[in-house]
Amino acid sequence: MNHAQPIPAPRADEAEVAARVAATVRADVRSLTAYHVPKADGMVMLHANENPHPLPAALRRTIAAAVARVGLNRYPDGAGDAVKAALAAALPVPQGAAIVLGNGSDELIQVLTTAVARPGAAVLSPEPTFAMYRIYARQSGVPYVAVPLRADFALDEDAMLAAIARERPALVWLASPNNPTGRRAGTASIERILAAAPGVVVVDEAYADFGDASLLPRVLEFPNLVVLRTLSKVGLAGARLGYAVAHPAWIAEFDKVRSPYNVNALTQAVAPVVLAAADVLSEQVAAIRAERQALAEALAARPGVTVVPSDANFLLVRVPDADAWFERLKERRILVKNFNGSHRALENCLRITVGTPAENRALLAALDETT
Ligand code: PMP
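So the sequence shown is numbered by the working numbering: it starts at 38 and just counts up by one.
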């Protein structure tokens with residue numbers, strides 16, 4: 038198994054391979070571009086909405102011990118029951134609600150889209166929002182209807198209700214707080230959307246820990262609500278664990294669509310340990326929220342900069358020249374996300390993840406040098 042030296046191997050003709058791919062893979066898939074993940078080695082990473090704080094050393098040792106006990110020769114528990122129990126113990130999951138786990142909530146977006154993608158179904162979401170809703174709709178061959186947010190990135194409830202009445206979507210995505218805007222939808226608006234929607238409404242609460250509103254405790258109150266969450270933003274992005282909570286009748290169907298062992302044994306061993314140390318994560322979340330406030334004020338004090346109020350762990354900022362800012366920060370080894378050119382409403386917008394105090398200082402110092 039040790040191939041230190043590359044072994045010359047017979048290769049099919051390149052043109053022949055290209056022709057076979059073109060003749061076989063769906064044209065709409067070939068026309069897609071793969072989701073771009075920039076290489077960030079050695080950079081200050083303020084582009085991916087991660088928690089910038091590593092887990093404390095003592096917790097890492099407990100994790101290492103839990104990982105050492107995993108029988109990697111065996112398949113993981115297909116249902117992930119220990120993880121579900123740990124989630125139910127750590128979070129306000131109402132009794133009687135069911136949970137499905139995903140390899141990140143990304144996978145569950147794909148699972149839910151696949152589950153509803155019958156002929157004639159449509160998927161609807163406010164925009165700008167998380168790109169994967171549209172991407173998975175396209176992959177599943179269902180029309181994706183985008184309803185513009187208001188100019189201040191607030192949810193346009195009237196436009197949403199009108200579009201729901203017109204399109205009768207099978208699935209409505211509501212990221213709240215929303216990515217990349219950071220704004221959350223009002224609870225009363227979500228309730229009216231739930232009442233109007235003929236199909237399922239998924240409230241994607243990936244960033245809910247950084248705000249003060251969640252529908253998780255009320256998930257059984259509505260016949261068509263799914264709450265989607267993830268451990269990625271609170272500190273376990275590398276473990277890839279997302280979960281959807283809903284009435285068992287919904288979850289039973291989604292369970293049929295996911296692959297059998299979609300959450301690996303290492304993640305299943307680690308997640309309960311981290312969830313049992315909820316105080317560690319909530320301290321980090323509180324620190325990020327405090328830093329968010331300080332960073333927002335420092336950025337807003339700069340000429341020509343507007344900061345969108347945020348309930349998430351990032352700030353959407355409109356600057357005089359986003360492309361130039363992005364490049365200058367990158368030269369100083371600071372990576373943020375540039376949305377300029379991606380959507381009409383996001384002209385000259387950068388999304389900046391709230392980093393550690395030192396990272397945020399580095400960002401502000403780099404801006405002092407360059408603007
Ligand atoms: N939903 C939203 C709104 C997000 O911003 C993201 C991550 N960018 C996800 C879901 C997916 O997160 P993950 O797959 O890491 O759980």
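Just so it is clear, CB atoms sit at the ideal spot from N, CA and C, and this is done for glycine as well. Just so you know, these numbers come straight off a predicted model, no measurement behind them.
Using a Cβ distance threshold of 7 angstroms, VAL120 and ALA302 do not count as a contacting pair.
At a Cβ-Cβ threshold of 7 angstroms, LEU208 and VAL240 do not count as neighbours. Remark: the C-beta of ALA245 is outside contact range of the ligand PMP, defined as less than 6 angstroms to any heavy atom.
The C-alpha of LEU372 is placed about 10 angstroms away from the C-alpha of GLY79. In the pairwise beta carbon analysis, the segment 327-335 is classified as touching the segment 384-392: at least three pairs are separated by under 8 angstroms. In the DSSP assignment, ILE389 forms a beta bridge with LEU352. DSSP places SER177 within a helical segment (H, G or I) once states are collapsed to three. Bounds of the beta strand (DSSP E) holding GLY139 are 135-139. ILE136 places its beta carbon less than 7 angstroms from that of VAL282.
Contact annotation: VAL311 and THR99 have beta-carbon atoms that are not nearer than 7 angstroms. Residue range 359-368 is occupied by the alpha helix (DSSP H) that includes ASP360.
In the DSSP assignment, LEU198 falls within the alpha helix (DSSP H) that extends over 194-204. If you draw a straight line from the Cα of PRO235 to the Cα of ALA188, it comes to about 27 angstroms.
Just so you know, the alpha carbons of ASP195 and PRO260 end up roughly 22 angstroms apart. In the structure shown, ILE227 adopts helical secondary structure according to DSSP, grouped into three states.
DSSP places TYR244 outside both helix and strand once states are collapsed to three, so it counts as coil. Scanning the segment 75-117 for uninterrupted alpha helix (DSSP H) segments of 4 residues or longer gives 94-105, listed from N- to C-terminal end.
Around the beta carbon of SER68, a 10 Å sphere encloses fewer than 16 other beta carbons of the protein chains shown; the residue is thus reported as exposed. Beta-bridge partners assigned by DSSP to GLU164: PRO185. Ranking PRO214, ALA276, VAL182 and GLY178 by CA distance to the CA of ARG63 puts GLY178 first. Membership of THR267 in the beta strand (DSSP E) is indicated by the continuous run 262-267. Burial of HIS84 is indicated by the presence of at least 16 other C-beta atoms within 10 angstroms of its C-beta. Boundaries for VAL62: no alpha helix (DSSP H) harbours it, and the DSSP string shows neither H nor E there. Taking a C-beta distance under 7 angstroms as the contact criterion, VAL264 and THR151 do not qualify as a contact pair. Taking a contact to require three or more Cβ pairs closer than 8 angstroms, the segment 205-225 and the segment 150-166 qualify as touching. In this structure PRO254 is exposed. Its beta-carbon is surrounded by fewer than 16 other beta-carbon atoms within 10 angstroms. In this structure LEU186 touches PRO163 by the C-beta definition: roughly 5 angstroms separates them, less than 8 angstroms. Judged by beta-carbon spacing, VAL58 lies beyond the 7 angstroms limit of ALA399, meaning their Cβ atoms are not closer than that value. Taking C-beta separations shorter than 8 angstroms and ignoring five residues to either side along the sequence, the partners of ALA202 in its chain run ALA233, following chain order. The ligand PMP has no heavy atom closer than 6 angstroms to the beta-carbon of THR151. Annotation for GLY219 indicates a beta carbon at 6 angstroms or more from all heavy atoms of the ligand PMP. For THR343, DSSP records a beta bridge to ARG355.
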